[in-house]
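A quick write-up on the structure given underneath.
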Amino acid sequence: MKNLGWSFESLLLFCLFVSFSTHIVPVSSLNSEGLTLLSLLKHLEKVPKEVTSTWKPNSSPQATPCNWFGITCDDSNNVASLNFTNSNVSGKLGPEIGDLTSLEILDLSTNSFSGTIPSTLGNCTKLVYLDLSENEFTGEIPHTLGNLKSVVDLYLYENYLTGELPESLFRIPVLQTLHVEYNNLTGPIPESIGEAKELLDLRLFENQLSGTIPESIGNCSNLELLYLHKNKLVGSLPESFNLLEKLTDLFVGNNSLTGPIRLGSVNCKNLLTLDLSYNKFEGGVPPELGKCSSLEVLVIVSGNLSGTIPPSLGMLKKITVINLSENLLTGNIPPEIGNCSSLLTLKLNNNQLGGEIPSSLGKLKKLESLELFENRFSGEIPIEVWKIQSLAQLLVYQNNLTGELPLEMTQLKHLKIVTLFNNSFYGEIPASLGVHSSLEEVDFISNKLTGEIPPNLCHGKKLTVLNLGSNQLHGKIPTSIGHCKSIQRFILRENNLSGLLPEFSQDHSISFLDFNTNNFEGPIPKSFGSSRNLSSINLSRNKLTGQIPSELGNLLGLGYLNLSHNLLEGSLPPQLSNCVRLERFDVGFNKLNGSVPSSYRALKGLATLVLSENRFTGGIPLFLPELVKLADLQMARNAFGGEIPSSIGSLHQLIYGLDLSGNGLTGELPDKLKDLLKLTRLNVSNNKLTGSLSVLGNLTSLLHADVSNNQFIGAIPEKLKDQLSSDPSSFSGNPNLCIPRSFSINNNSELSYCIDLSRRGKSGLSTWKIVLISVLSSLFVLVLVLALVFICSRRRSPKERPIKDAYVFTEEGPSLLLSKVLAATDNLNEKHIIGRGAHGIVYRASLGSGEVYAVKRLIFASHIRANQSMMREIETIGKVRHRNLIKLEGFWLRKEDGLMLYRYMPRGSLYDVLHGVSPKEDVLEWSARYNIALGVAHGLAYLHYDCHPPIVHRDIKPENILMDSDLEPHIGDFGLARLLDGSTVSTATVTGTTGYIAPENAFKTVRGRESDVYSYGVVLLELVTRKRAVDKSFPDSTDIVSWVRSFLSNKGVDDMVSTIVDPVLVDELLDSDLREQIVEVTELALSCTERDPARRPTMREVVKVLCDAQGLVRCSSGSVR
């Protein structure tokens, strides 16, 4: 049995050996390069199935990987090519790649490789072609790649590479192509670039390269393609560029290059494309460019060019594109440009060019696009230009051009876009315009055109924009135009057109309709309600009759509806409540009657409501407070009757005007009116109102109030003193109103001064009796108060007594409230933390019944200075009362800390709304941003001028502006506030936040009101751009102020706005009123951020500018519409 056992063990060992050998023999027989490839495979996370099925040890009978996917071997069975291009591979490129020393081609392009490029790649010295483009490589370019002395083509573009360009790359003797564009490379272009003698194609664009362009680049005598645009290069263009005889394409746009352009010599005969746009050059277009005889494209947009256009450009017979727009060019267009016989596009817009357009441009028989807008051209467009049969686009708006539109323009078969607005063209529009072409955009606004609208403008059925407003056109709208389904923007405003309005079909594309100020008659067609794309309708100032069609309620996307100044009758259709996106609704100056439908409470987005000059009755609607965004309410001269409902004080967003004049209203001004803290204009004249005007003294933002022709009594509030001097008529017709003797004004009104009781000793009570009565009354009140306090303190339950070490200035129930707060936060447990501020931690406390508070815990420092700072914050907040300032609900001082209680703001801070984790949830239309800007301005103005002593915040930023559920801003965190005592206060440390600190305070802490104005200006720029004060997208060491001002070098604010504005607002820029408002707010922001504090406006001036920027009710004008 023993011998048998040993035989069994031997047999078992033999079987295991045979089995194991069958698996390991192929691996051991696989050559070293195959093993290297398998090692590389371990670093990959995702590979195509072709790799998993072929990259196996036993898949190659020759013990080589030559038949594996992506592998090609040379005659000696060495791996010569590894090609994974566009194979959906992810993972890292392992260092083992350096062991493939016979590799000649490595193409891993268009995959998802990540990590760094291994330095061992430099061991593959036989590489001729290396392509790692369109991946996710990070880190620096290894300098060891300079060891690849045989590489001809090197592609590293579209990765996330950082660091500097290795000098060694340009010492590769046979290198012809180097593409590293679309990375994050920094530093200078190496001087060694001049050693790359064989370089043909160099692309370094879309990086962050800095420094100057080396003169040594002129040694790259074979260079054909050079792309350096969109970097941070400075200095002048090297003159050595003129040595590059073979250069065909030169792109250096979007840098910060300066100095003169020294290009154009006998050596530029091969140059085809030259783009120098968006730099800061000095001087003009070099005349020497006329020697570049092969030049096809010349683009220098926004290059700070000055001087005149050189006639020598007329020598460029092959040129197809000349774009010199957005510069400072002056003089005339040289007639020689007409010799550029191959020219397809000529763009000279946004310069200061003048004179007449040369007739020689008519020789440009291939010209397709002529853009000369926003210059100073005068005279007529030469008839020769109108005869260029290839012309597709003619944009000459905003010049001083004149003349009639010739018949020749109707023969332009390729004409698509013709914009002539803001000129002085006159005469009739040719009747056959559109017959021979497929017009897409026709914009003739603001000229002196007469006659009728041509009937064939939409003959090609592609017309999308028809703007003929502000002319002298007459007649009816042609039926063919009304039935043109392709029109999206249709503007005929301010003409003498008449007849009926056109009918629109259900599948019509119309979205913007403006026919205001004409003589259109008849009813508003019901078919308007079928055009579901309509978002804006303005039919005001016509002679329309009949009722407002209920079908308009089908326009669910309608945002603007203006039917004012017509002859409309009947009641308001309840169906309009379906237009829930409606923001502006104006039916003023008609003959409408009845009450306002209660269904209109659904119009939650309504910001402007104008019902003035109609015959409405039924009292002021009680649902108005539900329209929470209402900023302008005009209801003058109707027959509403009744009293002013106290609930109108809930319209907290009312800013621009409240006009209830001429309605037969009775009763007193409701006390709740004092809550309209944003209201700037109030008109309650020509009613039967009684009582005093004292409530108006609480309206901190009020600029003008008309209370004339009522029955008010008593003294005029201090708030209205200035108005009494400037506009005494606004108080007339109130015989029982009087002027306080404390007003030091010239009384030009019909009102008398209030009677001073101290001077009435002879006619009434003597002085000593009045004094005695006053003293006794005061003593009685004092005794009564003390008695009540004693009784209440005796009745207070033990649970309601303040804690032993608490100092409280809450209004009521302090200790009970504190107990609730501590219970709601589990004794200030960390899980309730919602933020951390400069002086402490903020907790969320939900007390039930919908009461939610924010509790700020102040941790006291050991030294008295910090303790005093905290107490200053508490004291400041406790005194302030303003709608746009955070209100302190309570405070407890304990031995180890202090607790401050505020109402919880559900929308967080303005920073959260603008830059939060999911900012797209807050689309933030311009009206919301504007209201935020105005609210913050009101709050700061109150701190600066209505607090005694005035208060400087010292750290205005979005994080310190809290937002309630209605996006109403509340300024908080007065931890850095200083009380001004008439002089500027300094401290030893710099306070504030980077990006918001005014320049004068960068290294010192002088803090006046001007500092807050600067910080507010930064916040305004954030509202316009939705970029942070210090944003990652800005160039190094640049804040938002510098970034915005960088666009001003060659542009006005109006042009710049389209570049910097938040993309979400781009569509709103199409509305000229909104665009003007955004431009004015941007200009205000730039004014607030002036480096010189003396040049900044005050916050009171800021409030006025913002009010004036609103297009419907301007602060300088009356509120009556």
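With the numbering used here applied, the sequence shown corresponds to residues 1115 to 2235, in that order.
For glycine and all other residues, C-beta sits at the position ideal for the given N, C-alpha and C.
In this text the structure is predicted, and so the values were computed from the model without any measurement.
Where residue i falls, given that 16 or more other Cβ within 10 Å makes a residue buried
{"i": "N1166", "result": "At residue 1166 the sequence reads Thr, which differs from the Asn that was named. When all chains shown are included, T1166 counts as exposed."}
{"i": "G1702", "result": "buried"}
{"i": "V1510", "result": "buried"}
{"i": "C2221", "result": "buried"}
{"i": "L2162", "result": "exposed"}
{"i": "A2208", "result": "exposed"}
{"i": "G2012", "result": "buried"}
{"i": "D2026", "result": "buried"}
{"i": "R2235", "result": "Any reading at R2235 needs caution, since the residue's pLDDT is 25, under 50, leaving its predicted position unreliable; the model's value is listed next. The residue in question, R2235, is buried, as its Cβ has 16 or more Cβ neighbours within 10 Å."}
{"i": "L1736", "result": "exposed"}
{"i": "R1915", "result": "For R1915, the pLDDT reaches just 33, beneath the cut-off of 50, and the residue's location in the model is therefore unreliable, leaving the point undetermined."}
{"i": "S1712", "result": "exposed"}
{"i": "S1135", "result": "Because the pLDDT at S1135 is just 37, under 50, the model does not fix this residue reliably, and the point stays unresolved."}
First and last residue of the uninterrupted alpha helix (DSSP H) at residue i
{"i": "N2045", "result": "2040–2059"}
{"i": "C2221", "result": "2213–2223"}
{"i": "C2202", "result": "2186–2202"}
{"i": "V2132", "result": "2123–2139"}
{"i": "Q1620", "result": "Here Q1620 belongs to no alpha helix (DSSP H), and DSSP marks it neither H nor E."}
{"i": "D1836", "result": "1835–1840"}
{"i": "R2017", "result": "Taken as a continuous stretch (DSSP letters only), R2017 belongs to no alpha helix (DSSP H), being part of the beta strand (DSSP E) at 2011–2017."}
{"i": "D2026", "result": "2024–2029"}
Best match in the options for proximity to residue i [C-alpha to C-alpha]
{"i": "V1556", "options": "V1266, N2115, G1541, L1508", "result": "L1508"}
{"i": "L1314", "options": "I1853, G1332, T1326", "result": "G1332"}
{"i": "I1219", "options": "S1204, P1639, V1193", "result": "V1193"}
{"i": "G1398", "options": "N1381, E1410, L1377", "result": "L1377"}
{"i": "L1207", "options": "E2114, E1159, K1431", "result": "E1159"}
{"i": "I1436", "options": "I1414, M1429, T1422, N1446", "result": "I1414"}
{"i": "I1375", "options": "E1498, L1357, E1353", "result": "E1353"}
{"i": "T1804", "options": "L1851, N1537, G1404, T2107", "result": "L1851"}
{"i": "K1479", "options": "H1528, L1696, L1521", "result": "H1528"}
{"i": "N1707", "options": "L2057, Q1748, N1752", "result": "N1752"}
{"i": "E1359", "options": "L1351, L1342, K1383", "result": "K1383"}
{"i": "L1217", "options": "V1203, T1230, L1244", "result": "L1244"}
{"i": "L1419", "options": "V1411, M1429, Y1392, K1432", "result": "Y1392"}
{"i": "A1968", "options": "L2200, V1935, R1997", "result": "V1935"}
{"i": "N1345", "options": "K1562, C1334, R1317, T1362", "result": "R1317"}
{"i": "G1212", "options": "F1227, Q1620, V1821, S1233", "result": "S1233"}
{"i": "P1637", "options": "N1647, E1665, S1551", "result": "E1665"}
{"i": "E2073", "options": "C2061, Y2110, R2043", "result": "Y2110"}
Cutoff 7 Å; reference residue i; Cβ partners in own chain excluding five residues on either side
{"i": "G1733", "result": "F1754, G1755, G1756"}
{"i": "S1645", "result": "F1618, H1622, I1624"}
{"i": "A1938", "result": "A1959, S1960, L1961"}
{"i": "L1571", "result": "L1547, G1548, L1553, V1556, L1577, L1580, I1595"}
{"i": "K1163", "result": "none"}
{"i": "K2034", "result": "For K2034, the predicted structure reports a pLDDT of 43, less than 50, and the residue's modelled location is therefore unreliable. A value from the coordinates is still provided. Taken in chain order, the list of residues that qualify is empty."}
{"i": "L1834", "result": "L1810, A1819"}
{"i": "A2223", "result": "Q2191, E2194, V2195"}
Boundaries (first-last residue) of the beta strand (DSSP E) holding residue i
{"i": "L1580", "result": "1579–1581"}
{"i": "Q1748", "result": "1746–1748"}
{"i": "H2084", "result": "2083–2085"}
{"i": "K1346", "result": "1346–1349"}
Contact set for residue i: own chain, Cβ-Cβ below 6 Å, skip 5 residues either direction
{"i": "A2112", "result": "S2125, Y2128"}
{"i": "N1465", "result": "N1441, L1443, N1489"}
{"i": "V2216", "result": "A2051"}
{"i": "W2157", "result": "F2148"}
{"i": "S1426", "result": "P1401, G1404"}
{"i": "S1282", "result": "H1257, G1260"}
Cβ neighbours of residue i in the same chain (closer than 8 Å, five flanking residues each side left out)
{"i": "T1215", "result": "N1237, C1238, T1239, K1240"}
{"i": "L1481", "result": "L1457, L1458, T1459, L1460, L1475, I1502, S1504, L1505"}
{"i": "N1200", "result": "S1223, T1224, N1225"}
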